[in-house]
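Trainee:
Protein chains: 6
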Amino acid sequence: MSESGGADSLKRARFAHVPTIFGLPDGVRDDTDVALIGVPFDGGVTHRPGARHGPEAIRAASKLIRRVHHRSRIAPFEVLRCADAGDVPIEHWFDLSAAHGDIERFYGSLPHGTIPLSLGGDHSITIPILRALGRERPVAVVHVDAHCDTSGEYGGSLFHHGAPFRIAAQEGLIVPELTFQLGIRGSLANAEQWSYSYESGMTVVTIEDLYERGIAAVGQSVAAALGDTPVYVSFDVDAVDPVYAPGTGTPEIGGLTSLDALILIRSLAGANCIGADIVEVSPPFDLGGHTSLLAATLAFEILCVIAARERRL
Amino acid sequence: MSESGGADSLKRARFAHVPTIFGLPDGVRDDTDVALIGVPFDGGVTHRPGARHGPEAIRAASKLIRRVHHRSRIAPFEVLRCADAGDVPIEHWFDLSAAHGDIERFYGSLPHGTIPLSLGGDHSITIPILRALGRERPVAVVHVDAHCDTSGEYGGSLFHHGAPFRIAAQEGLIVPELTFQLGIRGSLANAEQWSYSYESGMTVVTIEDLYERGIAAVGQSVAAALGDTPVYVSFDVDAVDPVYAPGTGTPEIGGLTSLDALILIRSLAGANCIGADIVEVSPPFDLGGHTSLLAATLAFEILCVIAARERRL
Amino acid sequence: MSESGGADSLKRARFAHVPTIFGLPDGVRDDTDVALIGVPFDGGVTHRPGARHGPEAIRAASKLIRRVHHRSRIAPFEVLRCADAGDVPIEHWFDLSAAHGDIERFYGSLPHGTIPLSLGGDHSITIPILRALGRERPVAVVHVDAHCDTSGEYGGSLFHHGAPFRIAAQEGLIVPELTFQLGIRGSLANAEQWSYSYESGMTVVTIEDLYERGIAAVGQSVAAALGDTPVYVSFDVDAVDPVYAPGTGTPEIGGLTSLDALILIRSLAGANCIGADIVEVSPPFDLGGHTSLLAATLAFEILCVIAARERRL
Amino acid sequence: MSESGGADSLKRARFAHVPTIFGLPDGVRDDTDVALIGVPFDGGVTHRPGARHGPEAIRAASKLIRRVHHRSRIAPFEVLRCADAGDVPIEHWFDLSAAHGDIERFYGSLPHGTIPLSLGGDHSITIPILRALGRERPVAVVHVDAHCDTSGEYGGSLFHHGAPFRIAAQEGLIVPELTFQLGIRGSLANAEQWSYSYESGMTVVTIEDLYERGIAAVGQSVAAALGDTPVYVSFDVDAVDPVYAPGTGTPEIGGLTSLDALILIRSLAGANCIGADIVEVSPPFDLGGHTSLLAATLAFEILCVIAARERRL
Amino acid sequence: MSESGGADSLKRARFAHVPTIFGLPDGVRDDTDVALIGVPFDGGVTHRPGARHGPEAIRAASKLIRRVHHRSRIAPFEVLRCADAGDVPIEHWFDLSAAHGDIERFYGSLPHGTIPLSLGGDHSITIPILRALGRERPVAVVHVDAHCDTSGEYGGSLFHHGAPFRIAAQEGLIVPELTFQLGIRGSLANAEQWSYSYESGMTVVTIEDLYERGIAAVGQSVAAALGDTPVYVSFDVDAVDPVYAPGTGTPEIGGLTSLDALILIRSLAGANCIGADIVEVSPPFDLGGHTSLLAATLAFEILCVIAARERRL
Amino acid sequence: MSESGGADSLKRARFAHVPTIFGLPDGVRDDTDVALIGVPFDGGVTHRPGARHGPEAIRAASKLIRRVHHRSRIAPFEVLRCADAGDVPIEHWFDLSAAHGDIERFYGSLPHGTIPLSLGGDHSITIPILRALGRERPVAVVHVDAHCDTSGEYGGSLFHHGAPFRIAAQEGLIVPELTFQLGIRGSLANAEQWSYSYESGMTVVTIEDLYERGIAAVGQSVAAALGDTPVYVSFDVDAVDPVYAPGTGTPEIGGLTSLDALILIRSLAGANCIGADIVEVSPPFDLGGHTSLLAATLAFEILCVIAARERRL
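As they're listed, the protein sequences go chains A, B, C, D, E and F.
For the first sequence, this note's numbering gives the first residue as 38, with consecutive numbering after it.
For the second sequence, this note's numbering gives the first residue as 38, with consecutive numbering after it.
For the third sequence, this note's numbering gives the first residue as 38, with consecutive numbering after it.
For the fourth sequence, this note's numbering gives the first residue as 38, with consecutive numbering after it.
For the fifth sequence, this note's numbering gives the first residue as 38, with consecutive numbering after it.
For the sixth sequence, this note's numbering gives the first residue as 38, with consecutive numbering after it.
(1) Taking beta-carbon pairs under 8 Å, can you tell me which members of the region 216–250 of chain B lie near chain C?
(2) Measuring straight from C-alpha to C-alpha, what distance separates C:G209 and F:S161?
(3) Going by DSSP, which residues form a beta bridge with F:V181?
(4) Among all the DSSP beta bridges, which residues are the ones paired with C:N309?
(5) Does B:I58 get closer than 8 Å to chain A when you measure Cβ to Cβ?
(6) So who's on the other strand from B:Y191, going by DSSP bridges?
(7) Measuring alpha carbon to alpha carbon, tell me which of F:T287, F:D297, F:I311 and F:T334 ends up nearest D:R103.
(8) Mind checking the region 126–150 of chain F against chain D and listing, in chain order, the residues whose C-beta falls within less than 7 Å of any C-beta there?
(9) Could you tell me which of F:V65, F:G75, F:H107 and F:I111 sits nearest to F:R118, measuring between CA atoms?
(10) For the 8 Å Cβ check, are there 3 or more pairs between the region 82–94 of chain B and the region 301–312 of chain B?
(11) Strictly under 8 Å for the Cβ-Cβ distance: is B:I290 near chain C by that measure?
(12) Report the neighbours of B:S194 on chain D: residues whose CB is nearer than 9 Å to its CB, in chain order.
(13) Under a Cβ-count criterion, where at least 16 other Cβ atoms within 10 Å of its own Cβ denotes burial, should C:A177 be classed as buried or exposed?
(14) Please say whether B:G223 and C:S295 have beta carbons closer to each other than 8 Å?
(15) Considering only the alpha carbon of each residue, which of E:E115, E:G193, E:N309 and E:A344 lies closest to E:P267?
(16) Across which residues does DSSP place E:D386 in a beta bridge pair?
(17) So, does the CB of C:D124 fall closer than 8 Å to a CB anywhere in chain F?
(18) Would B:H107 count as contacting chain C if we go by Cβ distances under 8 Å?
(19) On the three-state DSSP scale, how would you describe E:S232?
(20) Does the region 123–134 of chain A come close enough to the region 62–77 of chain A that 3 or more CB-CB pairs lie under 8 Å?
(21) By the 10 Å Cβ neighbour count, where 16 or more other Cβ atoms means buried, how is B:A205 classified, buried or exposed?
(22) Please classify F:T240: does DSSP put it in a helix, a strand, or coil?
(23) What are the partner residues of F:L155, as DSSP defines its beta bridges?
(24) Could you tell me if F:S146 is buried or exposed, where buried requires 16 or more neighbouring beta carbons within 10 angstroms of its beta carbon?
(25) What does F:T334 touch in chain E if you count any residue whose Cβ is under 7 Å from its own?
(26) Nearest-angstrom Cα distance between F:E93 and F:R168?
(27) Alpha carbon to alpha carbon, how far is E:V259 from E:M239?
(28) Which residue's Cα is closest to the Cα of A:G192: E:P213, E:I164, E:D139 and E:F217?
(29) Does any C-beta atom of chain E lie closer than 8 Å to the C-beta of D:H84?
(30) Rounding to the nearest angstrom, what Cα-Cα distance links B:P201 and C:G326 in this structure?
(31) Can you tell me where the alpha helix (DSSP H) holding F:T163 begins and where it ends?
Below, the structure written as structure tokens:
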């Protein structure tokens, strides 16, 4: 069991030196259950950049997170061996495809069975991560976002941050029928922008649908549909309203509150999560640091989802 | 049909040069359905100024708005001929009455049948706009605001931003019995501050009433009461909570969320909107630019309300 | 009756000189009903400091508050003799216990029957205030906060801002069975962090419980349980979400909205409030000044709660 | 002698309640030597507003100023009877000429011999102040600014903030040949924009001239030219570089540093200053509050200039 | 002659709609003397991105620039036919080399004799611009920067923003012996980082050298060395201290003041400038907008340098 | 020799994970030449707190510092064995004297001969550091600051951040005749506030003196006076103008520029520095992070001063 994970806010001042996320040990071992991985890359954005600075900001914000969940009383660092794997060593910063290759290689080198919980970085990083994770069998996806991210070519490339789930589906890495896109909203460039989602069989739940049906109810029905299927959770912080998550590149008015975002993740408890990411945190736009703190809190909630299953098994 | 309205975010980088709101053609023609008009005037405010910078900020923020509504699938720029009419050429900046005369003249010169969608500016601009629009027959009003804006003299003038609907009612430009004031809240200077609203027959719905009855339900009942009556929609961004809309001059704690503001406007679909304004956006206070982006999104929602009727007719 | 309390926003520009909170008379008299007191002390914080600047910021923000409540039509400055007592004259800034002594002495010197409404300052100030107020008989407590604040020793002291209600209970100043802790959330340092609350008989209501049961319903049931028992209201602004109240030292994602915070206080109308505080406003982190404005608005709501009882008696 | 002027930073925490500038007594008496006066008016600006909030921000910043000048060892509050006269009670907020009338009336009512040191407000306020001060005989002027402010009509008025010294000269309130405009820079609207300055005999010193000749040398030569002539000092904070004074309405790149601004004022020691103003502080743009703190420090330096003469007499 | 260039701040409110830089006509004609060109690209940065937003921010800030230089009385818009050419239409956003190809093509299509004055964008854009401009004969360079930008491969590419002048020299586009690098400072990654500059014959002037020799003196000696040689001026805003130019990606403590930057450019008057750029303005980091305003002011100074020669010829 | 010190900005993205200052090895060894030590304590401030967050902010900013000085070509990490010693483990946060004891103990435990370079923290930390360093023999001091910090009791204590050099002199830890206080300015609470400095024989150089005599000239004369005497360098960032160093607690208008601060430190090259600190960096007020970056750059300059001597020996 991890001995040092989580801030012991009763013993140590939280403004003192914290080099890793949640104060976890630095470096993955063969028996690491969950590896927290920074992916400081934003070469795939179509509008405001800055997500390359996401991992450092989320690590810094994580010092405010402690050890035990206030509702479930889950203590993830006692249940899971967690480690901070550092940042992916990207070699090719100026070439989107080559950078994706660098990322895929890193994830391919993780110990078998280690669950990667990634801190982006823009949403294009989900492509190489899924190439590493979905290589053996396609996985289900819970995708929380303002946008479906199943667009086509833009700016001379298919692999930008508005397209990861189209690429992943086309490459057979994910199961469209078990892909749930939650929180979708915002004007469309044209009526076909997200048609790939609908036509491939993904379930698209708009923000209005979410609130009409109830956040927790939607989350629980997704969890029920998933059962034991291995599922990847991808959380784009622009799913959350730009007031709660100003630090992002493509803000859309009218999103989730932070509390609802936490409840949505929490409602997945019991799902067989084999990987997750929190992406599109762009610190240059993060007034007050709320987005980084939200991302760190979401990472903690995801760890509790994973730990809930461990405990149950 | 407008060919260039709305950002084609799939073809053009949104951070590149956008000279007009939504990238619309510059200048009104005789067959323009909707004219978007900047009114860079804040000479009527009683507290924090800055709304004169509203139009430029809303135009700049509008580059994030695309073309098709994600729920209704309305594409307003395909349904309506829209244009950016530029900013009202105000000649008398230092004299409230004379500036109102400049504004009224501009609106009086618009082609018959062109619907003005105005970007303020402070709420006093609604007085000259209604003088131009309500000249032939009084109109109904949907007024979303934290304040009733039916106050009396202040600082030596009757025509400041806290009084437009009293002036308009007294001048016979609006129908009090068909004036709906939604989102009202905040402490009063004295028990009589908004008594004109009650005594003239306006319907005052506090923020608490709105949430108790349901945002969409209230909006739909207003739309039902309006029927085909020509209606002016006036949206003061301080109706929205100051956390969602910090860029305003007279903030009141405890307002609408952005999502609820969008839903409220959306619930008016089908109303016979003959003009609208979004006022009190004060960029110097707009941390993160959320207020400007909200205002641009509200403008898009209002265009969809107008387009919904066009489509229905 | 206080003649000058509340801003007469119809007669005086609110950006002109306001030296006291709500423009109240400066200095407490023997017949003062409510004394507003600044406690510019943050020597008890465990993370981000800055709450020493709270009183000056809340006073400055209070110029936006007027005189009559928009729902209840209560005019607290007509019902109650209110005064700004200034800031507690702290003599020992660098010694937590001695500073608490300075504070206790000040509250002990208030006229009998004057209700103190305090503007913090960090939450440790509630210890000396309760020592002054609960001296004769233990009082009930309504405590709105993200944290239970019943922790043990930290950093060499028992009397920091994470422990006031444990200290107060242990010193017999409050009645645990009539202590209601509302809005609790956030990860815990260990499973025992708040066990004192549970074991001493306090009622702990998490943020999720609050929303599931309904804000107003919880508030009303608390008021019913209190009856006429003298009660102290302690509002830590970190109960509110950090997006609504960024100016605080220990932010927790996922809290109350401002509107819900107002409604929660309002639902206590009729309670026998013998003192109250609003603490942990830290202006250095208060982007846009929303936290100070919220605190001033909460102070107005608390005055209305007190006035409601006066009126009823 | 003033007993309470200046913060005794050794006895009182500066973040505790300070209701007046420099903690001075509130209200002018017949024997007041210097009255500090807020003029919360920005109805004369041509670009960014906000200077109406200047007085409150400068008062708040003044808590950082203590009592004795570190170079000259002058203690102005011991030499001069100073008072905070509050803010000018403006009655006509929406009419530039009428507001100027309100201001002139207030200055006309000051005790004979009391020197007004005004905190603006925009530069148009210098017109009514000079009307009150220069009524008996025209005065000399030291005018520190980026702009000559001798422009003609704009926006339908002659009396805006870009014209006070033209108006004052034309009304015979100032002596052009003893008017020194220091720090002038920035592009001109046309070659004639400041020709009135040159043609009326004013001395225009550009920022480049100031640095080539030396700040103190220029100041001393101005002081020498003035001798005992009564002189009005008008300091527009946009004379200072926008990096040092971001809180202003018409920023011009390339101005004075704060230190040079202080040295410039200081070099006037011995001048017969019969009035002064610090104008165009616009808090909504004042990142970090540096402009307000600079303005408070400049006010202290001006008090030392006045006290230096008192001491010498 | 351009009739509409420069803001007529005496006739038109500067906060009203300004679609082009300096209000210039939109679009280049065959007889355009100077084309102002936005290059919204930051795909070549090695640290903080955001310079893609530079052109829109500089255009917006340019509304504060008027028409006549306050020292030289040059009115560049009367001397030169200027136009806003809009933003370079980049087709390949995610491929550094291909994007450079898009940029080179655009510059190659400009009318012969039109001088491009470019608004970046990161410093890598100078590579394709020089490929277009230096194609016929190598040009001299005045390069103002904190860094020599003659580094080698980084992140898998030779063509990033730390290398343009090495690339340009190696491709024979510039004359190293007539390349002047001014303002150099900041720690080096290793002793060889800038050795290419020294070995190829460029003149490197550190910030300390600049101040010891005098800003204007250095500029004049450079101008003298250049004589009539065609020269390209490249101004990286990080040459200026990060306090004056916070909006940039690789800040170095201890740079030029804004005034000195203006004086440095101004001292080049008479040089045969055949092109210029102002790069590395990154608005997401531009607190207060000072960097954008500085860039617009620098663009005006460069226009005056060009106009000075026109006038002299 | 340290192998990993300094960012190799040519090999590694600077926004990727940097856990220690300058990327140095974590932990002091017996042969460590210089230990960089965080002291996250601000319990001694008299005005704005926040310096407890200084070490984490300076560490984060240090990623922008590379390896070789651009003027002297000194590569400190090649000359000196440097390490990040982490933050001082303070046990008694709420008791100024006890916290000073914790700090003194930590410094007392450093290997003999290891030079501590401390990152504060408020200026009171210099008291326990000097108690550890000056224990054997009193040391000379170069003290750069806006304030002399030789004040007496305040707020019930002698040991606050306005008094360290009086305490140190009284305890015989420093040599007053070899104590140089540089950059002094700002109003005084009373004429005696800094009299201890003058009377004990310290050399006080005001900011005006510094500029009149020349920054480098003063520095060199100090270095000459010191000769080989062991000297402690204490740099309070409020010596620098608040525009360059906004992130501090007691700002004084009119200070050093960043460049001059660097030159001042640099001019001490050759001094026998046996310890140094950079204090009063308060991140909550550090708009744009300039203060933290300045502090990291100053730390690099101090390392070069130490390395210069090592190289010379």
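Yeah, the Cβ is synthetic: ideal placement off N, Cα and C, and Gly gets one too.
Keep in mind it's a predicted model, so treat the numbers as computed, not measured.
Mentor: If we stick to the structure as given:
(1) I221, R222, G223, S224, L225, A226, N227, A228, Q230, T243, I244, E245 and Y248
(2) Within the third sequence, the letter at position 172 stands for residue 209 of chain C. Within the sixth sequence, the letter at position 124 stands for residue 161 of chain F. C:G209 and F:S161: Cα-Cα distance of roughly 38 Å.
(3) If you number the sixth sequence from 1, residue 181 of chain F lands on position 144. Answer is F:L219 and F:F272, bridged to F:V181.
(4) On the third sequence, residue 309 of chain C is found 272 positions in, with the first residue counted as 1. According to DSSP, C:N309 bridges with C:P267.
(5) Here the question's residue 58 of chain B lines up with position 21 in the second sequence. False, the Cβ-Cβ gap to chain A never drops below 8 Å.
(6) Numbered from its first residue, the second sequence carries residue 191 of chain B at position 154. In the DSSP output, where bridge partners are listed per residue, B:Y191 has B:S194.
(7) Looking up residue 103 of chain D in the fourth sequence gives position 66. Closest by alpha carbon: F:T287.
(8) none
(9) To locate residue 118 of chain F, count along the sixth sequence from 1; it is residue 81. The option with the nearest alpha carbon to F:R118 is F:V65.
(10) no
(11) Counting from 1 along the second sequence, the entry for residue 290 of chain B is found at position 253. With 8 Å as the cut-off, B:I290 counts as an interface residue toward chain C.
(12) Taking the first residue of the second sequence as position 1, residue 194 of chain B is located at position 157. Near B:S194 (Cβ distances below 9 Å), the residues of chain D are H129, W130, F131 and D132.
(13) Locating residue 177 of chain C in the third sequence gives position 140, counting from the first residue. Counting Cβ neighbours within 10 Å, C:A177 comes out buried, since at least 16 surround it.
(14) For the purposes of this step, residue 295 of chain C is taken as residue 258 along the third sequence, with counting starting at 1. For the purposes of this step, residue 223 of chain B is taken as residue 186 along the second sequence, with counting starting at 1. Going by C-beta atoms, C:S295 is not nearer than 8 Å to B:G223.
(15) Locating residue 267 of chain E in the fifth sequence gives position 230, counting from the first residue. Of the candidates E:E115, E:G193, E:N309 and E:A344, the one whose C-alpha sits nearest the C-alpha of E:P267 is E:N309.
(16) The question about residue 386 of chain E has no answer, for chain E in this structure spans 38 to 350.
(17) Numbered from its first residue, the third sequence carries residue 124 of chain C at position 87. False, the Cβ-Cβ gap to chain F never drops below 8 Å.
(18) Position 70 of the second sequence, counted from the start, is the residue given in the question as residue 107 of chain B. So no, B:H107 is outside the interface.
(19) In the fifth sequence, the residue the question calls residue 232 of chain E occupies position 195. Looking at E:S232 - three-state DSSP - the assignment turns out to be helix.
(20) yes
(21) Here residue 205 of chain B corresponds to residue number 168 of the second sequence, with the count starting at 1. Flag for B:A205 reads buried.
(22) If you number the sixth sequence from 1, residue 240 of chain F lands on position 203. DSSP places F:T240 in strand when its eight states are reduced to three.
(23) Taking the sixth sequence and counting its residues from 1, one reaches residue 155 of chain F at position 118. Checking the sequence shown, residue 155 of chain F turns out to be Ser, not Leu. In the DSSP output, where bridge partners are listed per residue, F:S155 has F:I74 and F:D314.
(24) The count along the sixth sequence starts at 1 and reaches residue 146 of chain F at position 109. With fewer than 16 other Cβ atoms within 10 Å, it is exposed.
(25) The residue labelled residue 334 of chain F in the question sits at position 297 within the sixth sequence. Within 7 Å Cβ-Cβ: I290.
(26) As a first step, residue 93 of chain F must be located in the sixth sequence, where it is residue number 56. As a first step, residue 168 of chain F must be located in the sixth sequence, where it is residue number 131. If you take the alpha carbons of F:E93 and F:R168, they lie about 25 Å apart.
(27) Within the fifth sequence, numbered from 1, the residue matching residue 259 of chain E stands at position 222. Within the fifth sequence, numbered from 1, the residue matching residue 239 of chain E stands at position 202. About 12 Å.
(28) Translated into the one-based positions of the first sequence, residue 192 of chain A becomes position 155. Answer by Cα proximity: E:D139.
(29) As a position in the fourth sequence, residue 84 of chain D is number 47, starting the count at 1. Cβ-Cβ to chain E under 8 Å: yes for D:H84.
(30) To locate residue 201 of chain B, count along the second sequence from 1; it is residue 164. To locate residue 326 of chain C, count along the third sequence from 1; it is residue 289. Spanning the two alpha carbons is a distance of roughly 28 Å.
(31) Walking along the sixth sequence from the start, residue 163 of chain F turns up at place 126. Looking at the DSSP string, the run of the alpha helix (DSSP H) that includes F:T163 is T163 to L170.
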